[in-house]
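Numbering (the UniProt record's numbering), first residue to last: 1 to 229.
Structure follows, in structure tokens:
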């Protein structure tokens, strides 16, 4: 197997907006009558790191007194997330831009594969100036696929748009479900966790990540592609 193209997840992997996600969850939980610290939420809510949102919502609901509707949780999380997001300076994670340019210099096609809601994804892409890196036809979003991660749809589509066989695609992901989606597509996956915690890292390994990196500056692109060939 040779690596002929690279797909990046967006939220967490390229742009670290986890503080907004986590803060929004904690504030929405408080409105459901559940007061927790971030550390407590990571331990007590199995999908708190990496989602998907629906699983977090359901797990929070099970911890609540069930007097409020699940839909309220989703509405309040969305409200707080948008508020916190607007307060953030949104840029790519340290070292990502240089890593991207190194891959580009190797002649590899590159794509984004994200199931972030379209309006939010476009906001993040614009704020982080990622349209300077990716053309629109190399950005796959939720409306472009039928099934969500861990189904393989998004990474089958990134491979198709890059004109490569999915088995020759390398995917960078920060969540276990994203890694599972890559593996289901027949691709290889690299874990790029935002939360540096043993359980979060173990979940990526268990999902099938071939390697784990914590910082884009750790990675020698040429050596990585060669070693995975």
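Virtual Cβ for every residue (Gly too), placed ideally from N, Cα, C. Just so we're clear, the structure is a prediction, and the values are computed from it rather than from any experiment.
Using CA coordinates, which residue listed in 90, 132 and 93 is at the minimum distance from residue 110?
Considering only alpha carbons, the answer is 132.
Who pairs with residue 6 in a beta bridge, going by DSSP?
110 and 170
Is it true that the CB of residue 5 sits closer than 9 Å to the CB of residue 170?
yes
Would you kindly report the start and end of the unbroken beta strand (DSSP E) that includes residue 191?
188-191
What is the DSSP secondary structure of residue 82, reduced to helix, strand or coil?
helix
For residue 55, name the three-state secondary structure that DSSP assigns.
Looking at residue 55 - three-state DSSP - the assignment turns out to be helix.
Using only the alpha-carbon positions, how far apart do residue 44 and residue 205 sit?
20 Å
Based on the DSSP output, what are the partners of residue 152 in its beta bridges?
Residue pairing of residue 152 in beta bridges, as defined by DSSP: absent, with no partner found.
At what residue ranges does the region 25-54 contain a whole run of the alpha helix (DSSP H), taking only runs of 4 or more?
38-44
Could you compute how far the alpha carbon of residue 115 sits from the alpha carbon of residue 174?
13 Å
Can you tell me the Cα-Cα spacing of residue 96 and residue 194, whole angstroms?
13 Å
Where residue 147 and residue 154 are concerned, what is the direct C-alpha to C-alpha distance, given to the nearest angstrom?
8 Å
From residue 197 to residue 203, what does the alpha carbon distance come to, in whole angstroms?
10 Å
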